[in-house]
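Below you'll find the structure, written out as C-alpha coordinates, and then a few comments.
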(Lines of atoms letter the chains of each structure in order from A and count residues from 1; the text may use other names and numbers.)
(Lines give C-alpha, C1' and ligand atoms only; values in the text may rest on other atoms or scores of the structure.)
Protein backbone atom coordinates (compact mmCIF):
# COMPACT_ATOMS: atom_id res chain seq x y z
CA UNK A 1 0.00 0.00 0.00
CA UNK A 2 2.75 2.48 0.87
CA UNK A 3 4.44 2.33 -2.52
CA UNK A 4 1.05 2.47 -4.25
CA UNK A 5 0.00 5.71 -2.56
CA UNK A 6 3.34 7.52 -2.83
CA UNK A 7 2.78 9.03 -6.30
CA UNK A 8 -0.60 10.52 -5.44
CA UNK A 9 -0.20 11.27 -1.73
CA UNK A 10 -0.38 15.04 -2.24
CA UNK A 11 -3.41 15.01 -4.51
CA UNK A 12 -5.90 12.39 -3.35
CA UNK A 13 -8.40 12.35 -0.51
CA UNK A 14 -8.00 9.99 2.46
CA UNK A 15 -10.71 7.58 1.33
CA UNK A 16 -9.10 7.40 -2.12
CA UNK A 17 -5.73 6.68 -0.49
CA UNK A 18 -7.31 3.76 1.35
CA UNK A 19 -8.63 2.24 -1.89
CA UNK A 20 -5.34 2.87 -3.73
CA UNK A 21 -3.52 0.95 -0.99
CA UNK A 22 -6.12 -1.80 -0.92
CA UNK A 23 -5.92 -2.30 -4.69
CA UNK A 24 -2.12 -2.12 -4.35
CA UNK A 25 -2.24 -5.19 -2.09
CA UNK A 26 -3.91 -7.18 -4.87
CA UNK A 27 -1.47 -5.79 -7.46
CA UNK A 28 1.43 -6.88 -5.24
CA UNK A 29 0.00 -10.37 -4.71
CA UNK A 30 -0.69 -10.90 -8.42
CA UNK A 31 2.81 -9.69 -9.40
CA UNK A 32 4.46 -11.84 -6.73
CA UNK A 33 2.55 -14.93 -7.85
CA UNK A 34 3.41 -14.18 -11.49
CA UNK A 35 7.13 -14.08 -10.66
CA UNK A 36 6.87 -17.45 -8.91
CA UNK A 37 5.00 -18.90 -11.87
CA UNK A 38 7.62 -17.49 -14.28
CA UNK A 39 10.36 -18.92 -12.04
CA UNK A 40 11.99 -15.52 -11.54
CA UNK A 41 14.13 -15.38 -8.41
CA UNK A 42 13.23 -12.25 -6.44
CA UNK A 43 13.70 -13.24 -2.79
CA UNK A 44 12.68 -9.84 -1.36
CA UNK A 45 9.82 -9.25 -3.85
CA UNK A 46 11.37 -5.95 -4.99
CA UNK A 47 9.75 -6.11 -8.44
CA UNK A 48 6.19 -6.70 -7.16
CA UNK A 49 6.54 -4.06 -4.42
CA UNK A 50 8.43 -1.28 -6.18
CA UNK A 51 7.78 -2.17 -9.81
CA UNK A 52 4.18 -3.33 -10.01
CA UNK A 53 2.85 -1.30 -7.07
CA UNK A 54 4.83 1.74 -8.19
CA UNK A 55 3.32 1.54 -11.66
CA UNK A 56 -0.15 1.07 -10.17
CA UNK A 57 0.49 4.08 -7.91
CA UNK A 58 1.37 6.29 -10.87
CA UNK A 59 -1.85 5.36 -12.65
CA UNK A 60 -3.84 5.65 -9.41
CA UNK A 61 -2.52 9.19 -8.91
CA UNK A 62 -4.37 10.18 -12.08
CA UNK A 63 -7.40 7.90 -11.65
CA UNK A 64 -8.18 8.97 -8.06
CA UNK A 65 -7.35 12.68 -8.38
CA UNK A 66 -11.02 13.67 -8.50
CA UNK A 67 -11.54 16.89 -6.59
CA UNK A 68 -15.02 18.22 -7.48
CA UNK A 69 -16.09 15.58 -9.97
CA UNK A 70 -14.10 13.99 -12.75
CA UNK A 71 -13.23 17.30 -14.44
CA UNK A 72 -11.60 18.93 -11.39
CA UNK A 73 -8.13 17.45 -11.91
CA UNK A 74 -5.38 18.65 -9.56
CA UNK A 75 -2.34 17.10 -11.26
CA UNK A 76 0.76 18.99 -10.24
CA UNK A 77 -1.22 21.91 -8.74
CA UNK A 78 -1.74 20.54 -5.22
CA UNK A 79 -5.42 21.08 -4.31
CA UNK A 80 -6.12 23.63 -7.07
CA UNK A 81 -7.50 22.42 -10.38
CA UNK A 82 -5.53 22.60 -13.62
CA UNK A 83 -6.85 25.75 -15.30
CA UNK A 84 -8.04 26.04 -18.89
CA UNK A 85 -6.12 28.13 -21.44
CA UNK A 86 -7.73 31.47 -20.49
CA UNK A 87 -7.47 30.77 -16.72
CA UNK A 88 -11.24 31.21 -16.25
CA UNK A 89 -12.03 27.74 -14.95
CA UNK A 90 -10.89 24.19 -14.68
CA UNK A 91 -9.58 22.47 -17.82
CA UNK A 92 -12.13 20.00 -19.19
CA UNK A 93 -10.88 16.46 -19.83
CA UNK A 94 -7.74 17.05 -17.79
CA UNK A 95 -8.04 13.67 -16.07
CA UNK A 96 -7.48 11.86 -19.39
CA UNK A 97 -4.47 14.05 -20.10
CA UNK A 98 -3.17 13.29 -16.59
CA UNK A 99 -3.53 9.56 -17.16
CA UNK A 100 -1.69 9.88 -20.46
CA UNK A 101 1.07 11.86 -18.72
CA UNK A 102 1.39 9.12 -16.09
CA UNK A 103 1.55 6.46 -18.81
CA UNK A 104 4.37 8.33 -20.57
CA UNK A 105 6.16 8.78 -17.23
CA UNK A 106 5.92 5.07 -16.41
CA UNK A 107 7.13 4.17 -19.90
CA UNK A 108 10.16 6.48 -19.55
CA UNK A 109 11.00 5.13 -16.09
CA UNK A 110 10.74 1.51 -17.26
CA UNK A 111 12.92 2.21 -20.31
CA UNK A 112 15.51 4.16 -18.30
CA UNK A 113 15.70 1.63 -15.47
CA UNK A 114 15.59 -1.37 -17.80
CA UNK A 115 18.38 -0.02 -19.99
CA UNK A 116 20.78 0.68 -17.14
CA UNK A 117 19.88 -2.49 -15.22
CA UNK A 118 20.48 -4.56 -18.34
CA UNK A 119 23.84 -2.86 -18.89
CA UNK A 120 24.85 -3.52 -15.28
CA UNK A 121 23.76 -7.17 -15.30
CA UNK A 122 25.39 -7.87 -18.67
CA UNK A 123 28.65 -6.37 -17.39
CA UNK A 124 28.45 -8.44 -14.19
CA UNK A 125 27.73 -11.60 -16.17
CA UNK A 126 30.59 -10.98 -18.61
CA UNK A 127 33.03 -10.46 -15.74
CA UNK A 128 31.79 -13.55 -13.87
CA UNK A 129 30.51 -11.53 -10.90
CA UNK A 130 26.79 -12.12 -11.33
CA UNK A 131 26.61 -15.51 -9.61
CA UNK A 132 28.44 -17.25 -6.83
CA UNK A 133 30.24 -20.53 -7.51
CA UNK A 134 28.37 -23.85 -7.49
CA UNK A 135 30.20 -24.82 -4.27
CA UNK A 136 29.08 -21.66 -2.47
CA UNK A 137 25.57 -22.14 -3.83
CA UNK A 138 25.50 -25.68 -2.42
CA UNK A 139 26.40 -24.66 1.15
CA UNK A 140 24.58 -21.32 1.03
CA UNK A 141 25.95 -17.81 0.78
CA UNK A 142 25.40 -17.12 4.49
CA UNK A 143 27.50 -20.10 5.55
CA UNK A 144 30.21 -19.35 3.01
CA UNK A 145 30.45 -15.58 3.52
CA UNK A 146 29.58 -14.87 7.14
CA UNK A 147 31.92 -16.07 9.80
CA UNK A 148 31.42 -16.98 12.51
CA UNK A 149 27.96 -18.23 11.79
CA UNK A 150 26.64 -17.62 15.31
CA UNK A 151 23.11 -17.15 14.10
CA UNK A 152 23.11 -20.70 12.74
CA UNK A 153 24.91 -22.57 15.51
CA UNK A 154 22.54 -25.07 17.02
CA UNK A 155 22.93 -27.34 19.98
CA UNK A 156 21.72 -30.88 20.23
CA UNK A 157 18.29 -31.68 18.76
CA UNK A 158 18.47 -28.44 16.75
CA UNK A 159 17.88 -26.35 19.88
CA UNK A 160 19.46 -22.90 19.77
CA UNK A 161 22.79 -22.90 21.57
CA UNK A 162 23.41 -20.07 24.00
CA UNK A 163 26.81 -18.59 23.24
CA UNK A 164 28.80 -16.76 25.86
CA UNK A 165 31.18 -13.91 25.11
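Numbering (the numbering used here), first residue to last: -6 to 158. Ideal placement from N, C-alpha and C gives every residue a C-beta, glycine not left out.
Check	Outcome
Through-space distance from residue 124 to residue 93, alpha-carbon basis	40 angstroms
Local conformation of residue 74 per DSSP, three classes	coil
Span of the alpha helix (DSSP H) around residue 159	In the structure displayed, the chain extends from -6 to 158; residue 159 sits before or after that span and is not available.
Helix, strand or coil at residue 83 [DSSP, three-state]	strand
Alpha-carbon spacing of residue 48 relative to residue 97, whole angstroms	11 angstroms
Nearest residue (CA-CA) to residue 17, options 95, 28, -4	-4
For residue 52, the three-state DSSP class (helix, strand or coil)	helix
Status (buried if at least 16 other CB within 10 Å, exposed otherwise) for residue 77	exposed
Nearest-angstrom Cα separation, counted from residue 58 out to residue 6	8 angstroms
Supposed close pair residue 41, residue 31 - CB separation, criterion 8 angstroms	Incorrect: roughly 12 angstroms between the Cβ atoms, too far for contact.
Close Cβ partners of residue -1 (< 6 angstroms) along its chain, the five nearest in sequence each way excluded	50
Continuous alpha helix (DSSP H) stretch holding residue 121: start and end	Segment: none, residue 121 is in no alpha helix (DSSP H) and carries neither H nor E.
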